[in-house]
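Sequential numbering of the sequence shown, starting at 1, is according to UniProt numbering.
Quick reminder that beta carbons are idealized off the backbone N, C-alpha and C, glycines included.
Have a look at the structure below before the remarks.
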Amino acid sequence: MGRGFCTDAAGHPFTRTPNSTFTLRFDRRSDSMNITATVAEKMVQIQGVTRLVQASNEEEGLRIYLAFAQPVLNSSEQILRALTATDAVAVHLTPTNRSTLGNRRFGYVVKKMSDAAAIVSVACDTSSIISRQGTPVVPAEPFTFLYDTQRPWVKLGTSTRRTSSRDILVLIKFAKPVFNFSSSAVQVSGGNVLSFHEASKSIYTLQIQAVGQLVSVQVAENAAMDVAGNPNLASDRLQVRHYSVPASSSWIAAITTVVFLTTAAVAALLTVSTSSLVAAGAVSRPSSYMISEPSRNVLRMACHIQIFALSRWLSANLPIEYYEFAKGVEWSIPYMRLPWEGPAADPYLGYSTMPAIAYSESELLDRSAVGGAANISSYRPRAQQGQPVTPAQIIPSDPVFPTAVEEPGRACQRRRRPTGAGAGAPTTSGGGLGSCGRWRRLASARRVMRKNVFGTVSRNM
1 MGRGFCTDAA GHPFTRTPNS TFTLRFDRRS DSMNITATVA EKMVQIQGVT
51 RLVQASNEEE GLRIYLAFAQ PVLNSSEQIL RALTATDAVA VHLTPTNRST
101 LGNRRFGYVV KKMSDAAAIV SVACDTSSII SRQGTPVVPA EPFTFLYDTQ
151 RPWVKLGTST RRTSSRDILV LIKFAKPVFN FSSSAVQVSG GNVLSFHEAS
201 KSIYTLQIQA VGQLVSVQVA ENAAMDVAGN PNLASDRLQV RHYSVPASSS
251 WIAAITTVVF LTTAAVAALL TVSTSSLVAA GAVSRPSSYM ISEPSRNVLR
301 MACHIQIFAL SRWLSANLPI EYYEFAKGVE WSIPYMRLPW EGPAADPYLG
351 YSTMPAIAYS ESELLDRSAV GGAANISSYR PRAQQGQPVT PAQIIPSDPV
401 FPTAVEEPGR ACQRRRRPTG AGAGAPTTSG GGLGSCGRWR RLASARRVMR
451 KNVFGTVSRN M
């Protein structure tokens with residue numbers, strides 16, 4: 001109402017008072033909400049991909065905030081009852097004493113976490129929250145972050161505890177991905193670091209050149225941090241003994257090799273000569289137990305050499321002289337690379353890099369704890385005298401092995417021509433030239449060869 005638009009009976013003009021103005025706001029827009037927390041955001045690069053990670057290791061002082069676009073009519077206690085957390089962790093929240101900015105912003109302090117490591121997801125049920133204009137509040141996306149207070153432990157592994165090679169490969173494995181880890185954090189005595197390679201954020205390889213007889217490796221404490229900011233624990237000290245190959249072992253292996261090759265050459269020459277004379281009729285066919293069949297002696301000698309070569313795989317701690325001799329005659333055992341063993345296969349699973357003398361029952365790591373389906377966080381090293389114990393262990397890889405091979409008999413049964421079918425009925429692989437015929441001939445040849453070989457060995461051993 002404007003001023004002076006009317007007067008009273010005495011002629012006084014109309015005067016507007018401060019309460020004469022009435023404002024009505026008409027708003028149908030829904031109120032929006034956002035959930036945030038005092039959790040640092042970090043840009044980390046994992047396997048060449050940059051990702052945004054929200055993680056925290058703060059046990060106290062962690063705050064969660066709810067911000068509304070428009071003021072709400074609810075109190076802090078009412079909104080607290082609408083907050084829910086994941087089942088994996090019990091989060092105890094208390095309202096803060098800070099200003100709510102006209103019921104637009106509410107803060108809560110995390111007092112207690114039940115788990116040491118969990119993925120926390122905080123959500124709010126907006127069905128009981130009413131805005132100032134009476135419109136409903138649009139639900140917001142849950143706020144999810146990683147809460148982790150466990151310090152990562154580290155293990156050191158190598159293929160052997162004693163070796164004659166000057167280049168020693170050490171595997172460094174952390175319990176979870178860590179960052180800012182370099183070769184300067186590894187304490188090496190008795191050797192020089194040749195190379196340092198990062199296979200992943202949790203697996204590193206270190207190549208050391210031995211200088212002394214005893215090489216010692218240890219990862220220092222607080223050398224790296226995980227994504228939540230927890231520093232690592234100190235690893236156990238890994239000691240590898242370096243020795244020179246005894247001359248006696250080399251000489252015995254060389255003499256054994258020369259004697260075997262000489263015997264094989266003489267046996268081949270004598271066999272060819274005897275066969276030629278028998279074919280020409282100059283001599284009669286000799287008895288099967290005479291020296292004129294020298295292949296039997298070669299077979300005996302090869303079997304004995306293989307026994308010495310296989311003895312290096314015994315679990316007993318063999319003397320160095322005997323072990324090096326057995327290693328020198330391992331050529332007698334033929335080895336073929338399997339189809340699933342590529343050039344980049346784990347060197348710890350190779351034929352000549354797995355001496356049993358380097359292992360003991362307390363040093364072996366269960367394969368099920370390292371495989372893809374295993375949970376590596378389930379392992380907890382035991383503490384002794386106030387120090388974390390992370391024993392150095394052999395950490396093998398998990399190559400893919402074939403799980404099933406179709407038996408030829410069953411395959412042939414499935415590929416038979418149906419009963420009552422004519423001669424022209426199609427088959428998958430029938431006839432003597434099919435896969436069934438090949439399987440039968442191959443199995444028969446294997447049985448004959450196995451019978452001949454093992455029968456000859458049993459008669460002459």
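Beta-carbon proximity check, residue i vs residue j, cutoff 9 Å
| i | j | result |
| --- | --- | --- |
| residue 179 | residue 125 | no |
| residue 256 | residue 320 | no |
| residue 309 | residue 273 | no |
| residue 462 | residue 217 | The shown model of the chain, from 1 to 461, leaves out residue 462, and the question about it has no answer. |
| residue 54 | residue 69 | no |
| residue 214 | residue 240 | yes |
| residue 34 | residue 72 | no |
| residue 174 | residue 208 | no |
| residue 151 | residue 231 | yes |
| residue 171 | residue 206 | yes |
| residue 301 | residue 263 | yes |
| residue 79 | residue 129 | yes |
| residue 133 | residue 25 | yes |
| residue 149 | residue 223 | no |
| residue 106 | residue 76 | yes |
| residue 297 | residue 254 | no |
| residue 83 | residue 122 | yes |
| residue 330 | residue 164 | no |
| residue 153 | residue 233 | yes |
| residue 41 | residue 113 | no |
Rounded Cβ spacing between residue i and residue j (contact assumed at less than 8 Å)
| i | j | result |
| --- | --- | --- |
| residue 120 | residue 67 | In fact, because the Cβ distance is near 19 Å, the residues do not count as touching under 8 Å. |
| residue 20 | residue 39 | Not a contact, Cβ separation roughly 51 Å. |
| residue 138 | residue 30 | 5 Å |
| residue 201 | residue 46 | 6 Å |
| residue 210 | residue 191 | 5 Å |
| residue 244 | residue 328 | 14 Å between Cβ atoms; not a contact. |
Where the alpha helix (DSSP H) containing residue i begins and where it ends
| i | result |
| --- | --- |
| residue 308 | 295-310 |
| residue 80 | 76-82 |
| residue 321 | 320-328 |
Residue range of the unbroken beta strand (DSSP E) whose run includes residue i
| i | result |
| --- | --- |
| residue 144 | 143-148 |
| residue 14 | Residue 14 -> no beta strand (DSSP E), and no H or E assigned at all. |
| residue 167 | 167-174 |
| residue 102 | First-last for residue 102: undefined, no H or E at that position. |
| residue 36 | 33-37 |
| residue 124 | 117-124 |
| residue 114 | Counting along the chain, residue 114 falls outside any beta strand (DSSP E), and DSSP gives it neither H nor E. |
| residue 196 | 191-198 |
| residue 204 | 203-210 |
| residue 50 | 49-56 |
| residue 46 | 41-46 |
| residue 156 | 154-157 |
Problem set entry | Residue ranges of each beta strand (DSSP E) within the stretch 212-278, 3 or longer | 214-219 and 238-242
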